[in-house]
Each structure stands twice: as structure tokens, then as C-alpha cells.
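A.B. asks:
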Amino acid sequence: MRLFVPAAAKSSVDPARIARTRPTNECAQCGESIFMPEWSEWLNPACARHLWQCEACGYSFETTVRFAAA
Ligand SMILES: [Zn+2]
3 MRLFVPAAAK SSVDPARIAR TRPTNECAQC GESIFMPEWS EWLNPACARH LWQCEACGYS
63 FETTVRFAAA
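Following this line, the structure appears as C-alpha cells:
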């Protein structure tokens, strides 16, 4: 898993928070559970984008997660 945190978001991103809020997804194509995003990117302190890739069938998709302002 690679994690890219924009410089502007670094001060307010807590790695433990990422772990807590990390979603688990099911592959939209075969239904296999995907526990770890292939790629996570913080667009800003309140919004993260995850790229998921299914190990079973290779299908990939993105999700965007928004957090309420702290
Ligand atoms: Zn799949």
C-alpha cells in the first residue's frame, strides 16, 4: 500500500485515523472482499481517495471518502 499525503494535509493527517477510517470493500465484479486499498491519496484533510484492486479478478475501482470537519 502506498500512501500519498499532500503537503498541505500533512499537519492534520494522523496515520491512526487513516487506519480507523479505512473502508473495506467488496469487488463490484466478483464479490471478493478487499481489505487494503492499492493506493490512498488525501485530496485535502477532509477527503481521501482510495484505489482498490481485486486480487481475485484484477478489477479496480476508486472510492472517495469524506470526513466531517473536526
Ligand atoms: Zn474481483
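Heads up, the sequence shown is in the numbering used here, so the first residue is 3 and it goes up one at a time.
Ideal placement from N, C-alpha and C gives every residue a C-beta, glycine not left out.
Owing to the predicted nature of the structure, the values given are computational and were not obtained by experimental measurement.
(1) Would you check if the distance between the CB atom of residue 40 and the CB atom of residue 50 is smaller than 9 Å?
(2) Please classify residue 29 as buried or exposed, where buried requires at least 16 other C-beta atoms within 10 Å of its C-beta.
(3) Identify every residue that forms a DSSP beta bridge with residue 59.
(4) Helix, strand or coil: which one does DSSP assign to residue 70?
(5) Please confirm whether any heavy atom of ligand 1 lies closer than 8 Å to the CB of residue 64.
(6) Inspect the beta-carbon positions of residue 34 and residue 52 and report whether they are closer than 9 Å.
C.D. replies: Walking through what the data contain:
(1) no
(2) buried
(3) None; residue 59 has no bridge partner.
(4) coil
(5) no
(6) Taking the C-beta atoms as reference points, residue 52 is found no nearer than 9 Å to residue 34.
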